[in-house]
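Enquirer: Take this structure, written in structure tokens, and hold onto it; I'll ask about it next.
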Amino acid sequence: MINNNIKNDSGLLALAIRLVIGWTYFSAFWRRTILANKLDPEVAGYIGEKFNHFLPNALGIKPLIQYLVENPDILWLNMVIFTIIEGIVGLFIIFGLFTRIMSIGVFGLAMGILLGSGWIGTTCLDEWQIGVLGIATGYVLFLTGSGKYSLDNYFIKNNFSFTKKKWFAWLGSGILPIKNNIFPRFVLIGSLAILGMTLFTNQVFHGGVWGTLHNKSVKPKIEITEGKINNDTLSFNLFRTEGVDVYGSWIIAIELFDQNGNIVIQYSQKDLSSLTNENISNYYVAKIKPGKHSLVVPLGAKAKMIFKNQVFSNISNGTYTVKITDISGAFWTHQITK
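Residue numbers (the working numbering): 218 to 555.
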């Protein structure tokens, strides 16, 4: 017969949550180091490029992300550290070792995912859901600690001396040293704060609470800025800020029009697929580069595009329009004054 102490073991009741959330984070370490080498900057699928995808619409931490993707060596080091932390947090959570401090790790990792990539998700707001659920489960595991099937419980049951210390209740498992009359408010305030974060980010990223729903991962969007025509050179910045993160936008035409709508010069698919490093100066880890049949622009990639042609020296002063066309038919324009 199971006694009521076992039935009321909140850490035991949260076992499924603990195992699943633990594997969720440990699996990130497993994928990047064992199943595939995703920490090598020279290999396709490098995690740093994925991190670069977060940049255009990250919330609150955009300057940090931009600094990292502008400094590849520092980015690589942070990706390694981040991966190791995910592995340690996930493994400790699975085994129920120092559960509460590791649950704070879950909370922090999930918050990073939410703020950085909560806007990404082509089907079910994927990254946003991962982020908010990670925050909520991290908070639950902090409240419950680990129960019967855990190393924390093994240490407590076998009377290890450190389990008698007050710090172990805060960092490991056991009864939280919070007064009974305060504890319900502690749970309520934390839960409402997490709900508030959930509703706020759902609205900011996707318009999911009121107004018009939007999903920035469905269609590509490219920003064109700082256009100049100087002597024989046309230059402008190209920055892809929206669209699917798993493949690039395929640019099939770049055209320059005069104020009457006449084409001054046109770069076709063949021209764009033949561009060199002299034409493309990338700012970040995710790079704009020529593909087999087009110019490939990954999510979060930004580059200065440089085109040299005597045509630009011969045109008169005035207002011109550069037009960039994606293979989907979408196009973007930017006015340039010579």
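No residue lacks a Cβ here, since even glycine has one placed at the ideal position from N, Cα and C.
(1) When you compare only the Cα positions, how much space is there between N325 and F299?
(2) Taking the DSSP output, what are the residues bridged to Q483?
(3) Of the choices N370, S485, S533 and K519, whose alpha-carbon is the least far from that of T458?
(4) Using alpha carbons as the reference points, say which of W293, I282 and F243 lies closest to E259.
(5) Using DSSP bridges, identify the partner residues of R457.
(6) Residues in the same chain with beta-carbon distance under 8 Å from L230, minus the five sequence neighbours each way, listed in chain order, please.
(7) What's the C-alpha gap between D343 and N531?
(8) Go through its chain and collect everything with a Cβ distance to T339's Cβ below 8 Å, but skip five positions before and after it.
(9) Over the uninterrupted beta strand (DSSP E) stretch that includes S498, give me the two end residues.
(10) Can you give the Cα-Cα distance for K267 and I544, rounded to whole angstroms?
(11) Just the Cα atoms here: how many angstroms apart are L516 and I305?
(12) Rounding to the nearest angstrom, what Cα-Cα distance links L416 and T450 in this structure?
(13) According to the Cβ coordinates, are A353 and I411 closer than 7 Å?
(14) Inspect the beta-carbon positions of I310 and G355 and report whether they are closer than 7 Å.
(15) Measure how close the beta-carbons of P563 and A547 come, nearest whole angstrom, since I'm counting them as under 8 Å.
(16) Using the Cα positions of L430 and H423, report the straight-line distance between them to the nearest angstrom.
(17) Could you give the DSSP three-state label for A245: helix, strand or coil?
(18) I'd like the ranges of any beta strand (DSSP E) spanning at least 3 consecutive residues and lying wholly in the region 518–552.
(19) In the DSSP output, what is W467 paired with across the bridge?
(20) Suppose you measure from the CA of N274 to the CA of W336; what does that come to, to the nearest Å?
(21) Tell me, which residues are paired with K445 by DSSP?
(22) If you draw a straight line from the C-alpha of Q420 to the C-alpha of V426, how long is it?
(23) Rounded to a whole number of angstroms, what is the C-alpha to C-alpha distance between C341 and I347?
(24) Give me the Cα-Cα distance between L308 and G413, rounded to the nearest whole angstrom.
(25) If you reduce the DSSP assignment to three classes, tell me which class K506 lands in.
(26) Give the secondary structure of T250 by DSSP, where H, G and I count as helix, E and B as strand, and everything else as coil.
(27) Between the C-alpha atoms of K540 and I321, what's the straight-line distance to the nearest angstrom?
Expert: Walking through what the data contain:
(1) Correcting the residue type first, residue 325 is Gly in the shown sequence and not Asn. Straight-line Cα distance between these residues: approximately 11 Å.
(2) E472
(3) K519
(4) W293
(5) I439
(6) T361 and G364
(7) 51 Å
(8) N432, S434, V435 and V461
(9) I497 to N499
(10) 23 Å
(11) 30 Å
(12) 48 Å
(13) yes
(14) no
(15) Only positions 218 to 555 of the chain appear in the structure, and residue 563 is not among them; the question remains open.
(16) 6 Å
(17) helix
(18) 519–525 and 536–543
(19) V513
(20) 7 Å
(21) S452
(22) 5 Å
(23) 10 Å
(24) 30 Å
(25) strand
(26) helix
(27) 48 Å
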